[in-house]
Amino acid sequence: MAGAERRTTTFTLVGLALMGVQFGALARLTWWEYSWDIMEPITYFVTYGTSMACFAYYVLTKQEYILPEVRDREYLLQFHKRAKKVGMNVAEYNRLQESLAQVENDLKRLRDPLRVHHPPAGAKLFDPSAAAMGSSSDLVSTSLWNRTQLRLQNLLRTSKQP
Numbered sequence: 014m015a016g017a018e019r020r021t022t023t024f025t026l027v028g029l030a031l032m033g034v035q036f037g038a039l040a041r042l043t044w045w046e047y048s049w050d051i052m053e054p055i056t057y058f059v060t061y062g063t064s065m066a067c068f069a070y071y072v073l074t075k076q077e078y079i080l081p082e083v084r085d086r087e088y089l090l091q092f093h094k095r096a097k098k099v100g101m102n103v104a105e106y107n108r109l110q111e112s113l114a115q116v117e118n119d120l121k122r123l124r125d126p127l128r129v130h131h132p133p134a135g136a137k138l139f140d141p142s143a144a145a146m147g148s149s150s151d152l153v154s155t156s157l158w159n160r161t162q163l164r165l166q167n168l169l170r171t172s173k174q175p
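Okay, here's the thing in C-alpha cells:
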C-alpha cells in the first residue's frame, strides 16, 4: 500500500533530519560557542542516550535495532493498520503476492538466455491438442499470470471501496 510506504519513508527522512540537526548543533557548540573540553562530556551523554534508546527499542520489540529491519517493521505495522481500516484480506493478498512472485520467477527463468528453458519441476506442459478438446486441467504460465493479476487487482479494488 502506498500510504504505508509513504509513512515509512517520511519516518526515515525525519530521523535523518533530526540526526543532521543534532550534528549541526553539536558542531556549532564545539567550534564556535564552547570548546571540545566542555562539549566532550555532552557528546558522551548524547551518545549514551542514543544507545539507551536503541536498547529500549529492543526491550519493547524484542528485535535488534538494525535499520532495514526497523524500516520493515514500521512498514508492516502501517500496512496492517491501513489494511484493517479498509477491510482488506491480508492473507489473500499475501497468497496472491506469492503466486505472482512464483510466476515472475518462472518467466525470468524461462527468459534467461544462459539457461536451458525447462519448465519448473512438477509443472504441466501446455498441450494444444488437449486445449482444442476443451481440457482445462493444463495451465499455461501466462494464464496463471493473468489470473493472479486479476485477483490482485480485484482485491485492491474492493479494499479501496468504503
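In this text, residue positions in the sequence shown follow our numbering: the first is 14, and each later residue adds one. Where is the CB? At the ideal position from N, CA and C, for every residue including glycine.
E105 to T56, Cα distance in whole Å?
Here the question's residue 105 lines up with position 92 in the sequence shown. Here the question's residue 56 lines up with position 43 in the sequence shown. For E105 and T56, the gap between their C-alpha atoms comes out near 50 angstroms.
Quick one: what does DSSP say D140 is sitting in, helix, strand or coil?
Within the sequence shown, numbered from 1, the residue matching residue 140 stands at position 127. The predicted model places D140 with a pLDDT of 49, which falls under 50 and marks its position as unreliable; any figure quoted below should be read in that light. Three-state result, D140: coil.
In three-state DSSP terms, what is A145?
Counted from its first residue, the sequence shown places residue 145 at position 132. Confidence at A145 is low in this model, with a pLDDT of 49, below 50, so its placement is unreliable and the value that follows should be read with caution. Three-state result, A145: helix.
Between the alpha carbons of L90 and A96, how many angstroms are there, rounded?
In the sequence shown, residue 90 corresponds to position 77, counting from 1. In the sequence shown, residue 96 corresponds to position 83, counting from 1. In a straight line, the C-alpha of L90 is about 10 angstroms away from that of A96.
Tell me where the alpha helix (DSSP H) around W49 begins and ends.
As a working note, residue 49 is residue 36 in the sequence shown. From DSSP, the alpha helix (DSSP H) with W49 extends over 49-74.
Over the uninterrupted alpha helix (DSSP H) stretch that includes L42, give me the two end residues.
Taking the first residue of the sequence shown as position 1, residue 42 is located at position 29. Note, L42: premise wrong, no alpha helix (DSSP H); not H, not E.
Is the stretch 78-88 touching the stretch 15-22, taking contact as three or more C-beta pairs under 8 angstroms?
yes
Identify, in the order they occur along the chain, each residue of the same chain with its Cβ nearer than 6 angstroms to the Cβ of L113, setting aside the five sequence neighbours on each side.
Position 100 of the sequence shown holds residue 113. Cβ neighbours of L113 beyond the five flanking positions: T161.
Suppose contacts are defined by Cβ-Cβ distances below 8 angstroms. Is L195 in contact with L123 by that definition?
A question about residue 195 goes unanswered here, because the residues of the chain that appear run from 14 up to 175.
When the Cα atoms are used, what is the spatial distance from V99 to I79?
In the sequence shown, residue 99 corresponds to position 86, counting from 1. In the sequence shown, residue 79 corresponds to position 66, counting from 1. So the alpha carbons of these two residues sit roughly 30 angstroms apart.
Using the Cβ count rule (16 or more neighbours within 10 Å means buried), how would you classify M101?
The count along the sequence shown starts at 1 and reaches residue 101 at position 88. By the 10 Å Cβ count, M101 comes out buried.
Just verifying my parser: in three-state terms, what is the DSSP assignment at D85?
For the purposes of this step, residue 85 is taken as residue 72 along the sequence shown, with counting starting at 1. Of the three classes helix, strand and coil, the one that applies to D85 here is helix, per DSSP.
I need the straight-line Cα distance from E31 to T25, nearest angstrom please.
Counting from 1 along the sequence shown, the entry for residue 31 is found at position 18. Counting from 1 along the sequence shown, the entry for residue 25 is found at position 12. Looking at the sequence provided, one finds Leu at residue 31 rather than Glu. Roughly 10 angstroms between the two C-alpha positions.
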